[in-house]
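Counted the way the numbering used here counts, the sequence shown spans residues 10 to 368. Beta carbons: idealized from backbone N, C-alpha and C, even for Gly.
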Amino acid sequence: MQSVFVLCQNYPSEKDKYPMAFVHPRIKEYLKTGLDVKVISFACNCPYIYDEVRVYTLQAGKELLQKSEKAILIAHAPNIKNHLSFILKIWKYLDRLILFFHGHEVLSTKKYYPRPYDFNKAAKREYRFLRLYDQIKLPVMRYYLKKFVASGKCDLVFVSDWMYEAAIHSLKLKREFFAAQSHIINNSISPYIKEAGYVLDDFKADFITIRPLDQSKYAIDLVVNFAKCHPESTFHIYGGGNYFNYTDIPANVTLINRFLSPIEIPRVLNSYKYALMPTRLDAQGVMMCEMAVYGMPTIVSDIAVCHEMLDSYPNVLFIDNNRFDCKLNDIPQPLSSPNFSFSVENTIHKEIELIQKYL
């Protein structure tokens, strides 16, 4: 049997639906096209089925892969500790290896990742560790990527051009050696975004931000600074974390300390005039893409990856992360004609085309 195996650090289950949730819509779409897909999860202790997806332990998945007539292995966010070790053990059984890179696994922490907030002691310790770990991670990843690509049976997938260039630079790779086997395929947006469209209704505040609070790359401090520069406007921030235990919250800002499920987001967005989504680092920025596609006037950071994703959207305003004095009149109008450049057809279906080349 021809099988597609998807290797993940973790995978959603009925008990916890959020680990690596960005992989699950891909698998569901693969299954719709008739592909035989099996997930191998490092965190899985007992095989289970989640939303029609079969998830296997490392050992069970390895045995199934070795018995397959033809085996394609897809590895998401591969790390050198787990993924590379597994790949080397089953290399001779693979017909094709497809590596999906989502960020930290191939990027220099020192060069690309912002320093954590001062209050976040755990993140500061992790940041110091990752900078040291890069001295092992980057050379080892470089060595094996060169080996895998040279074998003629490996493809590399990056979620943005920006990330591809950053990975080439971080890993000190020769672009011409990897270009033919490298692909840029964006992450897809939520299907609930595509099904609806922005209409202001049940007004709650002027601006909405949906972000984890404690990671400095998601720039909640910049949202606060923006709010301080616009005291006449109101701001709602959705997200969990401890940031406001250490920082005063402005009078015009309200924190809704909870997670929003994908199905809730379109309805919630309709209660706000503008989306405020600054960032210091993103491989793509799926949430800001969803807001822009939805048609909502969206404010994002004036950085390369944001321009790559959203330059074609007239409802997007790019602002300098060091300046927050834009006038509300500068914010564009809602998008009347939906632009579905991040739809399943333009993203996951490209992944399926790549997979089917080798079946």
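Cβ-Cβ distances below 7 Å link Ile193 to Phe167, Ser169, Asp170 and Tyr173 in the same chain, with the five nearest sequence neighbours on each side left out; the list follows chain order. Counting only residues of its own chain and dropping the five nearest sequence neighbours on each side, Pro271 has a CB closer than 6 Å to the CB of Ser199 and Tyr201. The three-state reading of DSSP puts His178 in helix, counting H, G and I together.
In this structure Leu326 is in contact with Ile308, their Cβ atoms being roughly 5 Å apart against a cut-off of 8 Å. In the same chain as Phe333, and ignoring 5 residues on each side of it, the C-beta atoms closer than 7 Å to its own belong to Asn234, Phe235 and Cys238, in chain order. In the three-state scheme derived from DSSP, where H, G and I count as helix and E and B as strand, Val166 is classed as strand.
Taken in chain order, the whole alpha helix (DSSP H) runs of length 4 or more contained in the region 233 to 277 are 252 to 255. In the DSSP annotation of this structure, Lys120 is not part of any beta strand (DSSP E); the continuous alpha helix (DSSP H) holding it starts and ends at Thr118 to Tyr121. A distance below 8 Å separates the beta carbons of Thr218 and Phe244. Remark: C-beta atoms of Leu180 and Leu139 do not approach each other more closely than 8 Å. For Leu285, the uninterrupted beta strand (DSSP E) run begins and ends at Tyr281 to Met286, by DSSP.
Assignment of beta-bridge partners to Cys17 by DSSP yields Ser50.
For Arg35, there is no enclosing beta strand (DSSP E); the enclosing alpha helix (DSSP H) has its first and last residue at His33 to Lys41.
Here Thr307 is bridged, per DSSP, to Ala284 and Val325. The Cβ atoms of Phe51 and Leu67 lie closer than 8 Å to each other.
Less than 8 Å divides the Cβ of Ser197 from the Cβ of Thr356. Distance from the CA of His178 to the CA of Val158, rounded to the nearest whole angstrom, comes to 17 Å. Between Gly304 and Pro347 the beta-carbon gap is near 6 Å, inside 8 Å, which marks them as a contact. Going by DSSP, Arg63 is part of no alpha helix (DSSP H) but of the beta strand (DSSP E) stretching over Val62 to Tyr65.
Taking all protein chains in view, the Cβ of Glu354 is surrounded by fewer than 16 other Cβ atoms within 10 Å, so the residue is classified as exposed.
Going by DSSP, Arg151 is part of the alpha helix (DSSP H) stretching over Lys130 to Ala159. Beyond the five residues adjoining it in sequence on each side, Tyr136 comes within less than 8 Å, by CB distance, of Thr118, Tyr122, Arg124 and Pro125 in the same chain, given in chain order.
Counted as a single uninterrupted DSSP element, the stretch harbouring Ile198 is not any alpha helix (DSSP H), since DSSP gives it neither H nor E.
Taking C-beta atoms as the reference points, Phe95 and Leu16 count as a pair closer than 8 Å.
Burial state of Thr42 is exposed, judged by a 10 Å Cβ sphere holding fewer than 16 other Cβ atoms.
Bounds of the alpha helix (DSSP H) holding Ile357 are Ile357 to Gln365. For Ala313, the uninterrupted alpha helix (DSSP H) run begins and ends at Ala313 to Leu319, by DSSP. Residues of the same chain with a CB within less than 8 Å of the CB of Leu40, apart from the 5 flanking positions on each side, are Val46, Glu61 and Val62 in chain order. A Cβ-Cβ contact shorter than 8 Å links Tyr281 with Lys213. Counting only the Cα atoms, Val64 lies some 19 Å from Leu108. About 6 Å separates the beta carbons of Asn279 and Val208, which is inside the 8 Å limit, making them a contact pair. In terms of Cβ geometry, Tyr283 and Ile265 do not form a close pair [threshold 8 Å]. For the 8 Å CB-CB criterion, Leu222 and Asn251 form a contact.
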